[in-house]
Amino acid sequence: MTTQYQSPAYCEAVTAIVNAEVEFWEASIREVTRLIPAGVCALLFRINDTPRLTFDAYLDEDGVEHEAEEVGGDDGGLFDTLDEIAMQLGVHEHDDAATWLLSYGRERFTIEREQSTDAPQ
Numbered sequence: 347m348t349t350q351y352q353s354p355a356y357c358e359a360v361t362a363i364v365n366a367e368v369e370f371w372e373a374s375i376r377e378v379t380r381l382i383p384a385g386v387c388a389l390l391f392r393i394n395d396t397p398r399l400t401f402d403a404y405l406d407e408d409g410v411e412h413e414a415e416e417v418g419g420d421d422g423g424l425f426d427t428l429d430e431i432a433m434q435l436g437v438h439e440h441d442d443a444a445t446w447l448l449s450y451g452r453e454r455f456t457i458e459r460e461q462s463t464d465a466p467q
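So our numbering is basically just the index in the sequence shown, starting at one, shifted up by 346.
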C-alpha cells in the first residue's frame with residue numbers, strides 16, 4: 347500500500363483502522379447472535395428515515411414476523427440493546443449494510459439464530 351507519497355506510519359494507521367472496523371462488525375454480529383432469545387429464529391434490520399440501521403422486526407420459529415419492540419418480553423431492554431448495537435455500526439446506506447448482512451427482501455437485512463446454549467431465555 348505504501349507509495350512514494352504515503353509514509354509507513356500513515357499506511358500502518360490505515361491498516362489498523364480497516365482491521366478495527368472488520369473486528370467491530372464481527373464482534374457486533376456475534377453479540378447480536380448471542381442475544382437472540384429462545385423461540386426467535388432471525389432478527390430483521392432496515393435503514394430507517396434518520397437514516398441509520400435499526401432493529402425492525404423478528405421472526406419466530408414458525409417464520410411469523412413480530413414487531414421488534416416485542417422481542418424478549420415487556421421491559422423493552424432487549425429491543426433497546428439490539429437497536430443500540432445496530433446504531434453503533436454507523437450504517438446509513440443500504441449498500442453498506444448489504445456488505446455485512448444477509449438481505450431479507452428488498453429493504454431489510456437479517457441475522458439468524460445459531461444453535462447456542464448461552465442465549466437469553
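Just so you know, even glycine gets a beta-carbon here, dropped at the ideal spot from N, CA and C.
Alpha carbon of residue i to alpha carbon of residue j, nearest angstrom
{"i": "T349", "j": "D429", "result": "41 Å"}
{"i": "R380", "j": "P354", "result": "38 Å"}
{"i": "T445", "j": "V368", "result": "11 Å"}
When the options are compared against residue i, the one with the closest alpha-carbon
{"i": "L288", "options": "I393, T361 and A362", "result": "What the structure shows of the chain is the stretch from 347 to 467, and residue 288 is not part of that stretch, so it cannot be assessed."}
{"i": "E416", "options": "E439, D408, P383 and V368", "result": "P383"}
{"i": "G409", "options": "Y450, D395 and F425", "result": "Y450"}
{"i": "D395", "options": "Q352, F370, E439 and L448", "result": "E439"}
Exposed unless 16 or more other CB atoms sit within 10 angstroms - verdict on residue i
{"i": "G386", "result": "The displayed chain sequence assigns Val, not Gly, to residue 386. Burial call: buried."}
{"i": "F391", "result": "buried"}
{"i": "L389", "result": "buried"}
{"i": "R459", "result": "buried"}
{"i": "G418", "result": "buried"}
{"i": "D402", "result": "buried"}
{"i": "Y360", "result": "At residue 360 the sequence reads Val, which differs from the Tyr that was named. So V360 counts as exposed."}
{"i": "L448", "result": "exposed"}
{"i": "Y351", "result": "exposed"}
Presumed contact (8 Å Cβ cut-off) between residue i and residue j, rounded CB distance
{"i": "D406", "j": "H412", "result": "6 Å"}
{"i": "I457", "j": "I375", "result": "6 Å"}
{"i": "I318", "j": "E377", "result": "A query on residue 318 cannot be resolved here, the shown segment of the chain reaching from 347 to 467 and no further."}
Contact under 8 Å by Cβ, residue i with residue j
{"i": "L399", "j": "A366", "result": "no"}
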